[in-house]
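As you go down the protein sequences, you meet chains A and B in turn. The opening residue of the first sequence carries number 17 in the numbering used here; numbering runs sequentially from there. The opening residue of the second sequence carries number 17 in the numbering used here; numbering runs sequentially from there. Cβ coordinates follow ideal geometry from the N, Cα and C atoms, glycine included. Everything below concerns the one structure shown next.
Number of protein chains: 2
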Amino acid sequence: MMTYQAPYQDMQRLVAQAYKQQGLDTLAPFDDFDLELANAVMEEAAKFASGVLAPLNQVGDVQGCRFEEGNAQKDDDQKTKVITPAGWKSAYQQFAASGWIGLALPEAFGGQGLPKYIAQPVNEMWQSANLAFVMFQALAQGGSEILLKFASESLQARYLPNIVSGEWTVAMALTEPSAGSDLGALTTKAIPQDDGTYQIKGQKIFITYGDHDLTENIAHLVLARTPDAPAGSRGISLFIVPKYRVNPDGSMGKFNDVRCTGIEHKMGLHGSPTCSISYGEQDACIGELIGERNQGLMAMFVLMNEARLSCGLQGVALGELGYQSALEYAKERTQGSNGKGERVAIIEHPDVKRMLLDMRSETFALRSLGYQIAAQIDRADTTNDNALQARIALLTPIFKAFSTERANVMAGQVVQVFGGMGFIEETGVAQIMRDARITTIYEGTTGIQARDLLMRKVRGDQGLALKALLCEIDDQAAKVEANSALSKTAEEIRLVVVTIRSLLDKALLGQEEDSLLGVSVPFLDAMGTLCCAWQLMNAVVLAGDDIDDGYYQNLIAMVQFYGAFRLPTAKAALQTVESKSLGLQEYVF
Amino acid sequence: MMTYQAPYQDMQRLVAQAYKQQGLDTLAPFDDFDLELANAVMEEAAKFASGVLAPLNQVGDVQGCRFEEGNAQKDDDQKTKVITPAGWKSAYQQFAASGWIGLALPEAFGGQGLPKYIAQPVNEMWQSANLAFVMFQALAQGGSEILLKFASESLQARYLPNIVSGEWTVAMALTEPSAGSDLGALTTKAIPQDDGTYQIKGQKIFITYGDHDLTENIAHLVLARTPDAPAGSRGISLFIVPKYRVNPDGSMGKFNDVRCTGIEHKMGLHGSPTCSISYGEQDACIGELIGERNQGLMAMFVLMNEARLSCGLQGVALGELGYQSALEYAKERTQGSNGKGERVAIIEHPDVKRMLLDMRSETFALRSLGYQIAAQIDRADTTNDNALQARIALLTPIFKAFSTERANVMAGQVVQVFGGMGFIEETGVAQIMRDARITTIYEGTTGIQARDLLMRKVRGDQGLALKALLCEIDDQAAKVEANSALSKTAEEIRLVVVTIRSLLDKALLGQEEDSLLGVSVPFLDAMGTLCCAWQLMNAVVLAGDDIDDGYYQNLIAMVQFYGAFRLPTAKAALQTVESKSLGLQEYVF
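Shown next as structure tokens:
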């Protein structure tokens, strides 16, 4: 059960589509990073994902990580340790040795410098094959990007080569018991020392890979407050705090008083250690400032966009894994009979087929959206295009929240297709559902994404970026409206666009904040559904006639299905948006 | 965490409402079973649920059941055993001693003979407090009803007193590895013996409480085939097969070769043992026929209706448990700030409030629907009303499937309200989500309920029962349309009714079966949503002015909220129904 094969045909097509549509083929920086290279890299990654990572996925779930309390008399780093599941360490070494960690990091620090449009499908493969395992990857990527953007050259020189090579991992230490979504409430202290470093003291929770046995050292990026810092989110600074101190030449020094005090017993992602960390229990924890004092949250925003894109992609990855499992089972499992009384595989039952096509079309559409955003980021990195930046900023919260919400629905459908067998842990698909559950929470809950979308991305620019997006979607739909196979869906798309436009002036831009926030998630849902329909339509339009009939006919069927089964929910959500939270503010709990 | 208090005010109101609305106060058989008695019983049950069962809920989840392989050399009943979680046995003894098992079973066999309208809220409390524990209850109830209806007097006399008292439990042995939803495929054999009994031989799986250490004996109701039986579902007979043989005087005899070969490691309901059972491994398993040969499935249909009602109620129960947990947490947990920059409890955030009110209104509405169906069954038992029978038959699959589907959504929302803490197992709410996952599968999957609804309940009588229901809903909405607080929702309800009516002739009654089955679940969704809106409206109408303002105002807010946030999804689903599965049949997997 739970085998995974990268969905090659889709991936290659959608990568090529995004590459061309974002015009990367016309930009000089991408001369060395063309589609041929992309396909070669994906091919290698696919082998590694299926061959090395996927077989460890259920192992990680069943074994989980272990936290061992060591000899409490000995006040050193050996006091406690976190043991990863069997096979984890060897897989990590292979992963690092193959250069996958530095895939999209600068060549100057040992990376391969590949653009995001290539890294995106590769990351999707890792996440499908073994999400719990590969979480260190997004941390290394995001952490490195912060260092590249904000850290001094000396810090970069001492840390980046070790991170890029996988010699050390990165941990992000943000959350505290009373500071989750609201980081402004955090209390970890950073006391300036005479030598320019800081003494760090505080407790953090929910630190992914905060401690483990995969590497000797771990570079923690820690949010903390200096003594004179203003209250709230304007007084937060960012520090790099290694588990073992780092000498001027980049070699490892003595233990830095960074202690894991326990790991969480989670519903899913058992193989990924979620640690509580105590910094400076013995007042011997030294950190170095990254960037300016009190500018810590700004640095985090860089990470957050990266992390949201990666997290949205987890939705695609888990949707794909679940879809593959469900499809295989539905083709094999015989149960019930057709109209002629013949016993049939359950895929012949229209309702099972409906669930499979729902997963199939949504995963395909979300993958397309994710690949487009990655290519847009690549383009934005080399051009100076404010409209493009605004587009990326608009799509990111939609992609993050909608993709992960849908992944949860899809994971439920996978279990449903398996019936009673899906409820049995050994079958493996329950794990997908348990793993998926955190994705709508971490890196900003769905509610927070929806707030960001409405308040900052829509109201922040008076709806400019949204209007531009709606124009593009509408134009595309208008073009295919004459095609009889697509006309019904195109019509639905245009109706949704019209409704959003009218809501923009009527409700979204003017309305009182509280009643608007009550319908922010329905609004995000509508936008997500619309974007998926757009991406499906896009795939049909771009495919033209250059592909074999079966694939093309299936694309058309997906567009039709999405128009019939999913787009109506966008209209329903917009009707809710129009209601101005009727009843919600009146109810007294 | 995960404390549970019966939602008394709601329960008593909705029970009273169903009692009066179904006219039970005018029927002689209910003279001794009035609302005063109902309230007294509920009060006792509430204490038992909160005091005895709820504290064991997480214990059951954490410990689960254990399967111990005994001495394989000794071919007797001691070979294997199933150990329930700590505290289970004592709770069972208290449960049985307090007479809860026979609550709605005949006094002639030691029960209390209470009507279903009283048993329903009591069962809801058990299921909220500890669903995994209390699953034996529905089995005892359903099994007894089968015996009462189909078994000989001698069988009744030997089994029923022991079942009703809780001395023995009941297990239903239907499923086999290749016969799940499709029971016609089962292969367990029943060979007639000279003395009129049958020798039973076969393997069954997924047998809830198929073995355990709570009681000495277990009465298995086993579906099997006699040698001359026709193929498929027309050749299935029902047998009673005790773990220990039952002597003519009802006392326990020797081991009956009924062996548990293992228990499942499930995603949820860990405290409920799900057993694989081997009957007649040593050719020493004797069963007695219940009812006529080859009529086994008919007997099962009696059970299935009972079981579907009970399963639908599980949706309400888990929704309520989750809602209580989420509400408590949302009131306590401080995170983020309001418009004025003050730190607030998360319940102040409109999106969190939206999730809570979604759970609150849906649970309330589904509870109301479930209580109405129970009171309808009571009424139908004492009157000869075909239209009422048809109404019950129409509502049962809607209630079963929609309630459990919504429970899954709500359980996800509970975790979402808890944020990162919800993903930690110790918090307890992850259990609700894991437990809920099976409810849309067992007792007939959602797809099977939707098929039953459309093919048998709607097409089976040319839409007669559906039309009657729509009339009743429309009449009620028409009456309140003038009330400005309710007019918007009433209008929406009437729109949905109009749409279903037009679909009836256009699509539902005539359409080709396969394309209709593809939209059967959306149709059921629309019906479920409409029924919930109807029940909320009903509560407002019946409440009149006789209750304190706060409660009444909240009822109105719930009706408004449901109209704004949930009813639009019914319209969306009906648009999908109208699409005739566009794209679904064209796609080739």
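Counterpart residues of residue i in DSSP-defined beta bridges
i, result
"MET188/A", "LEU237/A"
"THR462/B", "The partner list for THR462/B (beta bridge, DSSP) is empty, contrary to what the question assumes."
"ARG275/A", "SER294/A"
"PHE255/B", "VAL238/B, LEU305/B"
"ARG359/A", "SER353/A"
"THR224/B", "THR290/B"
"PRO208/A", "TYR214/A"
"MET12/A", "Chain A is shown from 17 up to 605; residue 12/A falls before or after that span and cannot be answered."
C-alpha distance - residue i paired with residue j, whole-angstrom precision
i, j, result
"TRP184/B", "ARG383/B", "31 angstroms"
"ARG174/B", "LEU72/B", "33 angstroms"
"ARG407/A", "GLN25/B", "50 angstroms"
"ALA427/A", "ALA300/B", "44 angstroms"
"THR456/A", "PRO208/B", "58 angstroms"
"LEU571/B", "ILE509/B", "17 angstroms"
"GLN109/B", "VAL368/B", "41 angstroms"
"VAL593/B", "ASP477/A", "39 angstroms"
"SER326/A", "ASN139/A", "8 angstroms"
"ASP394/B", "ALA32/B", "14 angstroms"
"MET283/B", "MET314/A", "41 angstroms"
"ALA206/B", "GLY76/B", "36 angstroms"
"THR262/A", "GLY436/A", "Inspection of the sequence shows that residue 262/A is occupied by Val rather than by Thr. Between VAL262/A and GLY436/A, the C-alpha separation is close to 53 angstroms."
"ALA588/B", "ALA466/B", "17 angstroms"
"GLY534/B", "ASN233/B", "45 angstroms"
"ALA120/B", "GLY127/B", "7 angstroms"
"GLY479/B", "SER536/B", "15 angstroms"
"ALA88/A", "GLU297/A", "Because the pLDDT of ALA88/A is 49, which lies under 50, any placement of that residue in the model is unreliable, and the question is left without a value."
"SER106/A", "VAL68/A", "10 angstroms"
"PRO246/A", "PHE255/A", "17 angstroms"
"MET58/A", "ALA391/A", "16 angstroms"
Residue i versus the options, residue with shortest Cα-Cα distance
i, options, result
"ASP374/B", "PRO45/A, LYS132/A, GLY80/A, PHE605/A", "PHE605/A"
"VAL98/B", "ALA112/B, ALA107/B, GLY80/B, SER106/B", "GLY80/B"
"PRO538/B", "LEU525/B, THR462/B, GLN492/B, ALA580/B", "THR462/B"
"PHE439/B", "ARG582/A, VAL514/A, LEU337/A, PHE222/A", "PHE222/A"
"PHE136/A", "LEU533/A, GLU322/A, TYR578/A, TYR458/A", "Note on residue identity: the sequence assigns Gln, not Phe, to residue 136/A. Comparing Cα-Cα distances from GLN136/A to each of LEU533/A, GLU322/A, TYR578/A, TYR458/A, the minimum goes to GLU322/A."
"ASN111/B", "PHE46/B, VAL180/B, GLU123/B, PRO131/B", "First, the amino acid is wrong: residue 111/B is Phe here, not Asn. Answer by Cα proximity: VAL180/B."
"ALA22/A", "ASP491/A, GLY182/A, PHE64/A, LEU254/A", "PHE64/A"
"ILE302/B", "ASN272/B, MET283/B, MET316/B", "ASN272/B"
"GLU529/B", "ASP490/A, ASN354/A, GLN405/A", "ASN354/A"
"LYS483/B", "GLY352/B, THR224/B, LEU525/B, THR420/B", "LEU525/B"
"LEU164/B", "ALA124/B, ASP211/B, PRO258/B, ALA391/B", "ALA124/B"
"GLU161/A", "GLY331/A, LYS596/A, ILE306/A", "ILE306/A"
"LEU469/B", "GLY544/B, GLN429/B, THR515/B", "GLY544/B"
"ALA54/A", "ALA34/A, SER66/A, SER377/A", "ALA34/A"
"GLN219/B", "ASP244/B, GLY278/B, THR420/B, LEU30/B", "GLY278/B"
"VAL2/B", "SER294/B, LEU385/B, GLU602/B", "The shown model of chain B, from 17 to 605, leaves out residue 2/B, and the question about it has no answer."
Distance cut-off 8 angstroms: residue i Cβ against heavy atoms of the ligand GDP
i, result
"GLN576/B", "The ligand GDP is not among the ligands present in this structure, which contains no ligands whatsoever."
Distance between beta carbons of residue j and residue i, contact taken as under 8 angstroms
i, j, result
"GLN143/B", "LEU329/B", "6 angstroms"
"MET371/A", "VAL433/A", "6 angstroms"
"LEU600/A", "PRO366/B", "7 angstroms"
"PRO131/A", "GLY287/A", "The pair is not a contact, with the Cβ atoms about 29 angstroms apart (cut-off 8 angstroms)."
"VAL496/B", "ALA506/B", "5 angstroms"
Taking three-plus beta-carbon pairs below 8 angstroms as touching, is the segment 499-506 of chain A in contact with the segment 446-453 of chain A?
-> no
Validate contact between the segment 410-427 of chain A and the segment 299-314 of chain A using beta carbons, cut 8 angstroms, 3 pairs | Note that the segment 410-427 of chain A does not touch the segment 299-314 of chain A; fewer than 3 beta-carbon pairs, one per stretch, sit closer than 8 angstroms.
Would you say the segment 140-156 of chain A touches the segment 209-228 of chain A, given that touching needs at least three Cβ pairs under 8 angstroms?
-> The way I'd put it, the segment 140-156 of chain A does touch the segment 209-228 of chain A; three or more beta-carbon pairs between them come closer than 8 angstroms.
Does the segment 41-50 of chain B come close enough to the segment 113-124 of chain B to have 3 or more Cβ pairs within less than 8 angstroms?
-> no
So, do the segment 552-566 of chain B and the segment 343-353 of chain B have three or more beta carbon pairs nearer to each other than 8 angstroms?
-> No: the two stretches stay apart, fewer than three of their Cβ pairs being nearer than 8 angstroms.
Does the pairing of the segment 572-591 of chain A with the segment 574-585 of chain B give three or more beta-carbon distances under 8 angstroms?
-> yes
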